[in-house]
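> In my numbering, the protein residues as written are 306 to 859.
#1: Out of curiosity, what's the CA-to-CA distance linking residue 832 and residue 815?
#2: Reducing DSSP to helix, strand and coil, say where residue 432 ends up.
#3: Kindly list the residues whose CB is nearer than 6 Å to the CB of residue 625, restricted to its own chain and excluding five residues on each side of it in sequence; keep chain order.
#4: Give me the residue from 333, 808 and 822 with the minimum Cα distance to residue 571.
#5: Could you give the DSSP three-state label for residue 469: helix, strand or coil?
#6: Evaluate the contact criterion for the segment 713 to 726 versus the segment 793 to 800: three or more CB pairs, one atom per stretch, below 8 Å.
#7: Could you please give the first and the last residue of the uninterrupted beta strand (DSSP E) stretch that includes residue 506?
#8: Along the chain, where does the beta strand (DSSP E) that runs through residue 656 open and close?
#9: Report, in whole angstroms, the separation of the C-beta atoms of residue 542 and residue 423, which I expect to be a contact under 8 Å.
#10: Is it the case that the segment 410 to 420 contacts the segment 645 to 663, given that we only count it when at least three CB pairs across the two stretches are under 8 Å?
#11: Locate the beta strand (DSSP E) running through residue 584, then write down its first and last residues.
#12: Suppose contacts are defined by Cβ-Cβ distances below 8 Å. Is residue 454 in contact with residue 469 by that definition?
#13: Using CA atoms only, rank isn't needed, just tell me which of 433, 459, 478 and 425 is closest to residue 447.
#14: Run through the DSSP bridge pairs and tell me what residue 705 is partnered with.
#15: Roughly how many whole angstroms lie between the Cα atoms of residue 386 and residue 539?
#16: Residue 765 and residue 791 - do their beta-carbons sit closer together than 8 Å?
#17: With a 10 Å radius around its C-beta and 16 neighbouring C-beta atoms as the bar for buried, classify residue 314 as buried or exposed.
#18: Does the distance from the CB of residue 522 to the CB of residue 503 come in under 8 Å?
#19: Distance, Cα to Cα, residue 517 vs residue 510?
#20: Can you give the beta carbon distance from residue 761 to residue 772, rounded, assuming they're within the 8 Å contact cut?
#21: On the DSSP bridge assignment, give the partners of residue 362 in chain order.
#22: Less than 6 Å between C-beta atoms, sequence neighbours within five positions excluded: which residues of the same chain meet that for residue 475?
#23: In chain order, what are the residue ranges of uninterrupted alpha helix (DSSP H) at least 4 long that sit wholly in the segment 397 to 424?
#24: If you run the structure through DSSP and keep just helix, strand and coil, what is residue 816?
#25: Which partner residues does residue 860 have in the DSSP bridge list?
#26: Can you tell me whether DSSP reads residue 651 as helix, strand or coil?
#27: From the DSSP secondary-structure annotation, give me the bridge partner or partners of residue 355.
#28: Mind checking residue 465: buried by the 16 CB within 10 Å criterion, or exposed?
#29: Please name the residue in 484, 703 and 359 whose C-alpha comes closest to that of residue 467.
#30: Suppose contacts are defined by Cβ-Cβ distances below 8 Å. Is residue 558 in contact with residue 330 by that definition?
#31: Kindly list the residues whose CB is nearer than 8 Å to the CB of residue 767, restricted to its own chain and excluding five residues on each side of it in sequence; keep chain order.
#32: For residue 808, is the classification buried or exposed, using 16 other Cβ atoms within 10 angstroms of its Cβ as the cut-off for buried?
#33: Based on Cα-Cα distance, which residue from 711, 666 and 683 lies nearest to residue 841?
#34: Can you find the residues in the same chain that come closer than 8 Å, C-beta to C-beta, to residue 425, ignoring five residues on each side of it along the sequence?
#35: Please report the Cβ distance between residue 568 and residue 704, rounded to the nearest whole angstrom; I am assuming they are in contact, meaning their Cβ atoms lie under 8 Å.
#36: Residue 775 and residue 623 look like a contact to me (Cβ under 8 Å); what is the Cβ gap, rounded to whole Å?
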């Protein structure tokens, strides 16, 4: 079988697996976020949290609940890292330094999972299981909850800004979706060869007669929620390139499926929540179109191997696992940067210059193809509002989306959402490239060095978590800077989303008429795709010109 046929075949299998799962999971998600009934286990959680599960929160209360819960998670995880050596199952590791504990706490609470450290050489089993893995669940649940609240805002009318109950959404998402799904995926990973134990370091005898330390741990269980929750990170330093995390091509495709299935399913659920399946289909089609373009370009870049070194070597295999090859690495890279996952099965530093540029552009796009769990949906819906606003201006009509009028106040919130992340990326890159401590962390100069810094701040600001492997980020400067970018990049846009959801929930629904723009047809899908590309292009093309594009031409 030729490499091209194998590349196409794995994409076809992935599409088929998603096509089977997305409608079923989408209907299940819609039921969870609209059903008035609570499970017995959920009622126990509500009593423990001392919350009224029947209360319908105003968007401000919902936002304060999100921020308060996340702040508590940051404080808990920071203390966990600083006190690691005093706790059981510490693995004999020292406490994390204060800047490193701050970065790690913010990273996992914001669903970024940027890791400045080598997991198997810095964190013990207890912090991996009770600290990091727990945040993998609840940070993903927060993103899905906010997306559900935004969908409710569009579905409701004259509701005085009430968009649901955050605590109910959080508990239901964790109990009914993430825990059972992660359990099943973890079992499959273990059966396929992933590691799951509580062993410490084993000294293994190599074929040459030497010894090599191998660290075990609760790997498969963390791997499952890392992908399903679009968290990223990994138990081992080399992430999903490690055979204990990702043993073979089957598990590789399973992990790609796991990181895509919930974001796509949430788009399907959106159509059911707003009682118009066609709207969810339009969002899903736009996400799929953008992801397809990213996969195609990145696969071409890696398999064609442009550049002197790949041409001389016969393939662009530097930084890639031989058990996966160029195509499987490209598919993983496109999926992980199209979502907010950040997991990698190869080193993105070693991608070809155009391949690295495509991965970087996928994050700069706002990770809407299909984006993170929850964040991808509400990011795409914000762009949908921009699209109908621009179309309304062109035909001289007041724009509407799903019967909700888009006025100046709504557009102020949308504009603030769209500008927040680019400001963080460009300001963060400027700081990193002008500060001596920032430049000291780069392993290269020239265009590639700029790409290293730009990739790092883009990954942090967009809550992705992947990195160009050449950058040395475990310093006080980088830990502090990236921690601030992750924090602001997660919660500032989220507040704007909830504020807009509150305005939509208060507004009347306008009836469709002859001048209403259909937002479910191919024309709108094309317009939405174009708006997504133009908004990103106008913002980031100058920076990309100085980095990966110049490197590609050199």
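Where is the CB? At the ideal position from N, CA and C, for every residue including glycine.
This one's a predicted model, so the numbers in the text were calculated from it and none came from an experiment.
To lay it out plainly:
#1: 22 Å
#2: helix
#3: 634 and 651
#4: 333
#5: strand
#6: yes
#7: 506 to 510
#8: Neither: residue 656 is in no beta strand (DSSP E) and is coded neither H nor E.
#9: 4 Å
#10: yes
#11: No beta strand (DSSP E) contains residue 584, which is instead part of the alpha helix (DSSP H) from 582 to 609.
#12: yes
#13: 478
#14: 710
#15: 16 Å
#16: yes
#17: exposed
#18: yes
#19: 6 Å
#20: 6 Å
#21: 469
#22: 446 and 450
#23: 403 to 414
#24: coil
#25: Since the displayed the chain opens at 306 and closes at 859, residue 860 lies outside it and no answer follows.
#26: strand
#27: BP columns for residue 355 are empty, so no partner.
#28: exposed
#29: 359
#30: no
#31: 645, 668, 669, 671, 672, 726, 730 and 794
#32: buried
#33: 666
#34: 520, 522, 540, 541 and 542
#35: With 8 Å as the limit, residue 568 and residue 704 do not qualify as a contact, their Cβ atoms being about 26 Å apart.
#36: Actually they are not in contact, since the Cβ atoms of residue 775 and residue 623 sit about 12 Å apart, beyond 8 Å.
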